[in-house]
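From first to last, the protein sequence lines stand for chains A and B.
The numbering of the first sequence is my numbering, which starts it at 26 and goes up by one.
The numbering of the second sequence is my numbering, which starts it at 254 and goes up by one.
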Amino acid sequence: MIDLALFVAFPYVAVILAIVVGLYRYYTDRFSYSSLSSQFLENRTLFWGSVPFHYGILVILLAHLLALLFPGLWSSLIGAQARLYVLEVTGLALALMAIVGMALLFIRRLNNQRVLMVTSTIDWIFLVVLLAQILLGFWVALFFRWGSDWYLHTAVPWLISLATLSPQAQYVSVLPFIVKLHMLGGFLIIALFPFTRLVHFVTFPITYFWRPYQVVIWNRRVRAGVEVKK
Amino acid sequence: MFRRGFEDMWTRHRGLIVLALFCLLAAATGSQLWGAPIARSADEGQTLFEQRCVACHTIGGGKLVGPDLKGVTARRDRAWLVRFISAPDQVLAQKDPIATQLLQEYGNVPMPNLGLTNEQVTAIITYLGGTAGGAAAPAGQAAAQPMGAGDPVIGKDLFIGSIRFQNGGPPCMACHSIAGIGALGGGALGPDLTGAFGKFGDTGINSVLATLPFPTMNPIFGKALLTADEQASLKAFFQAASVAERPAEAVGQLSILAVVGAAILILIAHLFFSRRLAQVRRPMVSSRRLSAISHQPPAVSSQRPTRR
């Protein structure tokens, strides 16, 4: 019963919460859809924290997503022992990079008076949850190797069963406690996401890929090469 | 000011959000309960026994990895049977005298927790106490199958995944380590299998490979059991591995590699991005500051600004 609540009900609640509250916030309080950047207040520590954190976490997130969406491709990718080792070591290094970056950001937020002023309670809660989740992920990868392989046969079938509305918790409910904690942590982050400044995640300026590379804005209107006099 | 917008939303619509959450929780749990398969069939016990128990037990066919279960419902108290079949690991942890004695008697191979539901345990006990308890019931079918001589080299390839299992199961290495494979060994989610051959013995290995009766493996291999040839090859590999040289423990090596890798990545990030603010904004800000203080024209832009 507890497994049903944790590995079936909770993920659905988390995802629906993310979508419903996310949309609600977008339509009622659009100005808050931002990371509320504090770069203007302090940017030297920010650089050392933000760059390693974001590049580390994004690549790792992408790997989780890729293995989920294309398990066959992923399975061939790690099919040879050498490739599995390289991939796992790269993942661990990226996770460590994200942890270092996040620790710096944490320290900066605590120590810099100006940044501290613009930090709310939910920011702190979320920061702790996120740091715990990344530490757990690193722990799982190090002590329950090879996660990039067994993920395909435990978490992936579970997530697919959730997505196809025929939930099967037994794929993950028998795993070690720490591994389960990491999986639930993921859904906790999804659930908290719309209430925090992590919403900036969905404001990634993806249109930059196809917008005109140069935007010319005139001070005075020009028509067919002739300046229009006011 | 930054936190105002969202906390406003929470204050204004708290009731709505809580209600929505409650409905979601109720709906999700309800739909799951409705769809959950519950063991009701009278043959459930026999089916379960053949799927989950025959790897290690017979009824009237003699000892395997575990005891012959003929007449077990007469030998043991029903409440004890329910407790032990439901969670043998917990009963053992409580230092139950019968369980401890059985563990010693059967070569210190503990019975795994199979993650059975209460209904399933009841069904199995009903089956054990019914016709099967008296009549000569099927001996361990899986264990009784003859197994040809396997090739340890093929076994190793199957273990590390360079040959895929025919029925689509994942390679052993995803979760298990063993002597004689790669520098960093195999996985650590499941137990190291180097000593597995010695632990389970010849018959035991046959049974385990045929049914893979462990709670973590069951959902994964339930529909993807190993073929007879694959079982034979893996058995041969396990036998060879039990005397092979152990790979070094991987956690230490992995940690060192991760630290080195992270350091290199951070260095690359620094080299790549460190100048991105130095070129435009900082010179402008500092030159404005300088001119504001000294009332002199802005500094020459080609000059590299000093860092704060």
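Using N, Cα and C, we set each Cβ at its ideal position, and we do this for glycine too.
Just to confirm before moving on: does the CB-CB distance between L257(A) and V125(A) stay below 8 Å? Since the first residue of chain A shown is 26 and the last is 255, residue 257(A) is not available in this structure.
Hey, how far is the Cα of N136(A) from the Cα of E498(B)? Straight-line spacing of the CA atoms in N136(A) and E498(B) works out to 52 Å.
The region 301-309 of chain B contacting the region 452-470 of chain B, beta-carbon criterion three pairs below 8 Å: Yes: at least three Cβ pairs fall under 8 Å.
For L462(B), which residues in the same chain have their Cβ closer than 7 Å to its Cβ, ignoring the five residues on either side in sequence? Excluding sequence neighbours, L462(B) sits near L479, Q484, L487, K488.
Taking CB distances under 8 Å as the criterion, tell me whether P77(A) reaches chain B. For P77(A), the answer is yes, since a Cβ of chain B falls inside 8 Å of its Cβ.
Enclosing alpha helix (DSSP H) for L112(A) [first to last residue]: Counting along the chain, the alpha helix (DSSP H) containing L112(A) begins and ends at 106-136.
Can you tell me whether Q484(B) is helix, strand or coil according to DSSP? In the three-state scheme derived from DSSP, where H, G and I count as helix and E and B as strand, Q484(B) is classed as helix.
At what residues does the alpha helix (DSSP H) containing D564(B) begin and finish? Nothing in the structure corresponds to residue 564(B), since chain B is present only between 254 and 561.
I473(B) - DSSP class collapsed to helix/strand/coil: Collapsing the DSSP output to three states places I473(B) in a helix.
When we look at the beta-carbon of Y22(A) and count the other beta-carbons within 10 Å, is it buried (16 or more) or exposed? The shown model of chain A, from 26 to 255, leaves out residue 22(A), and the question about it has no answer.
Cutoff 8 Å: W243(A) Cβ touching any chain B Cβ: No, W243(A) lies away from the interface with chain B (no Cβ there is under 8 Å from its Cβ).
Excluding sequence positions up to five away, which residues of its chain have a Cβ less than 6 Å from the Cβ of T115(A)? Nothing listed; no residue qualifies.
Chain A contacts from the region 454-488 of chain B (Cβ-Cβ distance under 7 Å): Near chain A, meaning a CB-to-CB distance below 7 Å, the residues of the region 454-488 of chain B are P468, T469, P472, I473.
DSSP three-state assignment for Q373(B), whether helix, strand or coil: DSSP places Q373(B) in helix when its eight states are reduced to three.
Please confirm if the region 445-454 of chain B is in contact with the region 169-182 of chain A, defined as three or more CB-CB distances below 8 Å between the two stretches. These segments do not touch.
Is there a C-beta anywhere in chain B that falls below 8 Å from the one on W99(A)? False, the Cβ-Cβ gap to chain B never drops below 8 Å.
Spatial distance of I147(A) from F220(A) (CA atoms): About 8 Å.
How many whole angstroms separate the CB atoms of F169(A) and L442(B), which I take to be in contact at a CB cut-off of 8 Å? 5 Å between Cβ atoms; contact.
Spatial neighbours of G562(B) in its chain, beta-carbon cut-off 7 Å, leaving aside the 5 residues before and after: Within the shown structure, residues of chain B are numbered from 254 to 561, placing residue 562(B) beyond reach of any answer.
Interface partners of G514(B) on chain A, CB under 9 Å: Simply V114, T115, L117, A118, L119, L121, M122.
If you drop the 5 nearest sequence neighbours on each side, which residues of the same chain put their C-beta closer than 8 Å to that of Y52(A)? Counting only Cβ-Cβ distances below 8 Å, and skipping sequence neighbours, we find nothing.
Please confirm whether P341(B) and N366(B) have their CB atoms less than 8 Å apart. Taking 8 Å as the cut-off, the beta carbon of P341(B) is found closer than this to the beta carbon of N366(B).
Using 8 Å as the threshold, is the region 29-49 of chain A in touch with the region 209-216 of chain A, meaning 3 or more CB pairs across them? Short answer: they touch.
Should L334(B) be labelled buried (16 or more other beta-carbon atoms within 10 Å of its own) or exposed? L334(B) is buried by the Cβ-count criterion.
Please list, in chain order, all residues of the same chain as I434(B) whose beta carbon is under 6 Å from its beta carbon, the five residues on each side excluded. Here the set comprises I413.
Interface residues of chain A facing F526(B) [CB-CB closer than 9 Å]: Under the 9 Å cutoff, chain A gives F72, V76.
Give the residues of chain B in contact with H89(A), contact being defined as C-beta atoms less than 7 Å apart. Going along chain B, no residue has its Cβ under 7 Å from H89(A), so there is no contact; the nearest lies around 16 Å.
Anything in chain A within Cβ reach of A441(B), meaning under 7 Å, just list it in chain order. Chain-order list of chain A residues neighbouring A441(B): F168, F169, R170, by C-beta distance under 7 Å.
Which residues mark the beginning and the end of the alpha helix (DSSP H) in which Q357(B) is found? From DSSP, the alpha helix (DSSP H) with Q357(B) extends over 350-358.
Among L112(A), L117(A), F95(A), the one whose alpha carbon lies nearest that of V504(B): Measuring from the Cα of V504(B), the nearest candidate turns out to be L117(A).
With burial defined as no fewer than 16 other Cβ atoms inside 10 Å of the residue's Cβ, what is the status of M426(B): buried or exposed? M426(B) is buried by the Cβ-count criterion.
Distance CB(V197(A))-CB(F32(A)) smaller than 8 Å: Less than 8 Å separates the beta-carbon of V197(A) from that of F32(A).
Starting from the beta carbon of I269(A), find every residue of chain B whose beta carbon is closer than 8 Å, and list them in chain order. The structure shown has nothing for residue 269(A), since chain A only spans 26 to 255.
So, does the CB of P423(B) fall closer than 8 Å to a CB anywhere in chain A? For P423(B), a Cβ of chain A is located within less than 8 Å of the residue's own Cβ.
What span of residues does the alpha helix (DSSP H) with W149(A) cover, start to end? 146-168 is the span of the alpha helix (DSSP H), which, as asked, contains W149(A).
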